[in-house]
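K.L.:
Quick one: structure below, then a few questions.
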Amino acid sequence: MEKKATIIAVTGKGGVGKTSIAAIIVKVLRDMKPQARILAIDADPAVGLSTALGIEVPKTIDDIRKSFIDKAEAGETRQAIELLNDAQYEILEALVEADGFNFIAVGRPEAAGCYCKVNGYLKDIISILSEKFDYVMIDGEAGVEQVNRRVMEQVSHLLLVSDPSKKGRQVIQSIKQVADHLVMYDKVGAVINRVREDSPIELLDTGDIPVLAYIEEDKNLNRFDIEGKSVFELPKDSPIELGVKKALKEFRILQEESR
Ligand SMILES: Nc1ncnc2c1ncn2[C@@H]1O[C@H](COP(=O)(O)OP(=O)(O)OP(=O)(O)O)[C@@H](O)[C@H]1O
Ligand SMILES: [Mg+2]
Numbered sequence: 176m177e178k179k180a181t182i183i184a185v186t187g188k189g190g191v192g193k194t195s196i197a198a199i200i201v202k203v204l205r206d207m208k209p210q211a212r213i214l215a216i217d218a219d220p221a222v223g224l225s226t227a228l229g230i231e232v233p234k235t236i237d238d239i240r241k242s243f244i245d246k247a248e249a250g251e252t253r254q255a256i257e258l259l260n261d262a263q264y265e266i267l268e269a270l271v272e273a274d275g276f277n278f279i280a281v282g283r284p285e286a287a288g289c290y291c292k293v294n295g296y297l298k299d300i301i302s303i304l305s306e307k308f309d310y311v312m313i314d315g316e317a318g319v320e321q322v323n324r325r326v327m328e329q330v331s332h333l334l335l336v337s338d339p340s341k342k343g344r345q346v347i348q349s350i351k352q353v354a355d356h357l358v359m360y361d362k363v364g365a366v367i368n369r370v371r372e373d374s375p376i377e378l379l380d381t382g383d384i385p386v387l388a389y390i391e392e393d394k395n396l397n398r399f400d401i402e403g404k405s406v407f408e409l410p411k412d413s414p415i416e417l418g419v420k421k422a423l424k425e426f427r428i429l430q431e432e433s434r
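Position 9, counted from 1, in the sequence shown is what this note's numbering calls 184; the numbers after and before it change by one each time, with no gaps.
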C-alpha cells in the first residue's frame with residue numbers, strides 16, 4: 176500500500192507568525208529530507224508564503240479560474256466550462272516547481288468577504304495533491320474558518336501558532352475544539368512564538384494543547400522582513416529554525432537525534 180502523505184497545517188490568530196513558521200517548516204523538511212516530495216500550499220487569501228519562500232509571484236488557482244471565466248465571456252464558453260470543471264487542470268497550471276519543493280497558492284476571490292469558494296478549491300487541492308507528495312505543508316488563513324468548513328479535514332498534523340497573548344492562546348483553543356470534531360488529525364500541538372526572556376512561561380496556559388516549542392523573538396527575522404529576504408538565507412541556528420525543528424521532533428516528523 177502506498178504511504179499516506181504527512182499533511183501539516185499551520186493555523187492560529189492573525190499576525191502571530193504562521194507564515195514565517197510555515198516557510199521554515201518547508202526549509203527544514205527540504206534540508207533534512209532531501210529525497211522527499213514536498214509541497215507548500217499558501218492557503219491564506221491574503222497570501223505571503225511565496226515571499227517568505229523567495230518565490231516570484233506565481234499564478235494562483237484563483238487567477239487561473241478567472242482567466243477561464245474571461246475566456247467564457249469572450250465566446251469560448253463550452254471549452255472553458257469543461258476545463259472549469261476539471262480541478263486537476265487548474266492545479267497543474269498553478270503548481271510552481273521551486274528548488275527542492277513545489278508550491279501552490281490558492282489566491283483571493285473577486286468579492287471581498289467570502290472565501291468559501293477558495294476554501295472549496297483548497298479541499299480539492301489537498302486531496303488531489305496529497306497523493307503525489309510525501310509532505311504537504313499548508314499555511315492557513317487566520318482563525319477558525321478553514322477548520323470549520325472542513326477544509327482541513329484530512330490534515331495529519333495540526334500546528335497551532337500563538338504569541339504569548341491570552342487572546343492568541345484563546346484562539347488556538349477554540350480552533351482545537353472545532354478541530355476535535357472536524358479534523359481527522361493524528362497529532363495536534365502548539366508553538367508559542369515571540370516569547371521574550373522575561374515572558375512568564377508558566378503563565379502561558381494552552382488548555383489541553385501540548386506545547387511543542389517556545390520560540391524567542393528572532394532579530395534575524397526583523398531584518399529579513401525589511402530586506403525582503405527569504406527564509407532560506409536565515410542562519411540554521413536562528414531561534415525560529417531551532418524552534419521549528421523542536422516542534423517537528425515532538426510531532427515525530429523529524430527523528431529525535433537529528434540536529
Ligand atoms: N519569532 C519571531 N521573531 C521576530 N519576528 C517575528 C517572529 N515570528 C514572526 N515575526 C514577524 O512577525 C510578523 C508577522 O509574521 P507572519 O507574517 O509570519 O504572521 P502570520 O501569522 O502569518 O500573519 P497573518 O495572519 O497576517 O498571515 C512578520 O513581520 C514576521 O517577520
Ligand atoms: Mg500569514
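Backbone N, C-alpha and C fix where the C-beta goes; we use that ideal spot for every residue, glycine too.
Spatial neighbours of VAL222 within its chain, please: CB distance less than 8 angstroms, with the 5 preceding and 5 following residues excluded, ordered by chain position.
P.N.:
Taken in chain order, the residues that qualify are THR235, ALA280, GLY282, ARG283.
K.L.:
According to DSSP, is SER225 helix, strand or coil?
P.N.:
Looking at SER225 - three-state DSSP - the assignment turns out to be helix.
K.L.:
Give the C-beta separation of ALA184 and ILE313 to the nearest angstrom, bearing in mind that I take them to be a contact with Cβ-Cβ under 8 angstroms.
P.N.:
About 4 angstroms separates the two Cβ atoms, so the contact holds.
K.L.:
Could you check if ARG371 is buried or exposed, using at least 16 other CB atoms within 10 Å of its CB as the buried criterion?
P.N.:
Per the 10 Å Cβ criterion, exposed.
K.L.:
Can you tell me the Cβ-Cβ gap for ARG369 and ASP338, rounded? I've got them flagged as a contact below 8 angstroms.
P.N.:
Contact holds; Cβ gap of about 5 angstroms.
K.L.:
Going by beta-carbon coordinates alone, are ASP393 and SER374 separated by less than 8 angstroms?
P.N.:
Going by C-beta atoms, ASP393 is not nearer than 8 angstroms to SER374.
K.L.:
Is any heavy atom in ligand 1 found nearer than 7 angstroms to the beta carbon of LEU396?
P.N.:
Yes.
K.L.:
Quick one: give me the first and last residue of the beta strand (DSSP E) that SER337 is part of.
P.N.:
First-last of the beta strand (DSSP E) with SER337: 332-337.
K.L.:
Could you please give the first and the last residue of the uninterrupted beta strand (DSSP E) stretch that includes GLU391?
P.N.:
Counting along the chain, the beta strand (DSSP E) containing GLU391 begins and ends at 386-391.
K.L.:
Is it the case that the CB of THR235 approaches a heavy atom of ligand 1 more closely than 7 angstroms?
P.N.:
Incorrect: THR235 has no Cβ contact closer than 7 angstroms to ligand 1.
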